[in-house]
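Working notes, beginning with the structure itself.
Residue numbers (the UniProt record's numbering): 1 to 165.
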């Protein structure tokens with residue numbers, strides 16, 4: 001019975017993975033969301049679910065399959081920031097967490113992505129308490145990794161945060 005439950009759970013996880021990966025892929029092709037990818041209310045849920053499944057499953061293949069879509073979404077969100085009508089902060093932080101946790105698997109250098117977030121998004125959206133709290137949670141969760149791998153980032157982030165207080 002336990003094997004059947006484990007098999008069922010694995011099948012459900014694979015279905016979830018496929019569904020959410022298709023959602024990201026569809027969003028990448030959808031011209032209505034091209035100007036503001038975060039305007040799709042389900043895209044954040046898809047990124048979170050893909051991250052959770054990748055973290056639980058530990059499969060490098062799954063990470064490698066998701067990375068191109070997630071990277072494309074990140075780039076589109078950053079380029080859409082100036083004209084965006086919706087908040088991109090939580091979505092970008094979720095993607096950054098994916099990059100930090102799985103960057104070695106897909107050879108992604110997170111430094112430019114982190115700098116883009118702290119330079120562009122944070123300066124626009126830090127006044128939003130949800131973004132501010134999510135950013136502080138992200139920094140606290142990743143403090144050791146950021147200090148060791150990106151030593152100049154935290155002082156820059158602290159300056160931006162202090163400027164908003």
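Yeah, the Cβ is synthetic: ideal placement off N, Cα and C, and Gly gets one too. These numbers come from a predicted model, not from an experiment.
Cα-Cα separation, residue i to residue j
| i | j | result |
| --- | --- | --- |
| residue 77 | residue 157 | 20 Å |
| residue 9 | residue 152 | 42 Å |
| residue 166 | residue 109 | The shown model of the chain, from 1 to 165, leaves out residue 166, and the question about it has no answer. |
| residue 123 | residue 141 | 21 Å |
| residue 57 | residue 87 | 30 Å |
| residue 119 | residue 137 | 18 Å |
| residue 23 | residue 150 | 32 Å |
| residue 59 | residue 53 | 9 Å |
| residue 148 | residue 128 | 29 Å |
| residue 168 | residue 98 | The structure shown does not extend to residue 168, since the chain spans only 1 to 165, so no value can be given for it. |
Proximal residues to residue i (C-beta, below 8 Å), its chain only, five neighbours per side dropped
| i | result |
| --- | --- |
| residue 25 | 69 |
| residue 90 | 44, 130, 131, 134 |
| residue 143 | 154 |
| residue 125 | 87, 88, 89, 131 |
Residue from the options whose Cα sits closest to the Cα of residue i
| i | options | result |
| --- | --- | --- |
| residue 84 | 38, 53, 109, 108 | 38 |
| residue 230 | 139, 107, 100 | Residue 230 cannot be examined here, being either before or after the span of the chain that is shown, 1 to 165. |
| residue 27 | 75, 59, 13 | 75 |
| residue 61 | 97, 82, 102, 95 | 102 |
| residue 82 | 159, 13, 36 | 36 |
| residue 79 | 42, 128, 121 | 121 |
Close-in-space but distant-in-sequence residues of the same chain around residue i (CB under 7 Å, 5 per side omitted)
| i | result |
| --- | --- |
| residue 106 | 63, 64, 67 |
| residue 117 | 92, 96 |
CB contact below 8 Å: residue i versus chain D
| i | result |
| --- | --- |
| residue 131 | Looking at the structure shown, chain D is missing, and only one protein chain is on hand. |
Cβ-based neighbour list, residue i, same chain, cut-off 6 Å, excluding 5 preceding and 5 following
| i | result |
| --- | --- |
| residue 93 | 134, 138 |
| residue 146 | 153, 154 |
Quiz item: Do three or more CB pairs link the segment 7-23 to the segment 48-55 at distances below 8 Å?
Solution: With a cut-off of 8 Å, the segment 48-55 and the segment 7-23 count as touching, because enough Cβ pairs lie within range.
Quiz item: On the three-pair Cβ rule with 8 Å, is the segment 57-67 touching the segment 110-125?
Solution: The segment 57-67 is not in contact with the segment 110-125.
Exercise. Run through the segment 45-109 for me and flag every whole alpha helix (DSSP H) of 4 or more residues, listed as ranges in chain order.
Key: Here the runs fully enclosed are 60-80, 89-106.
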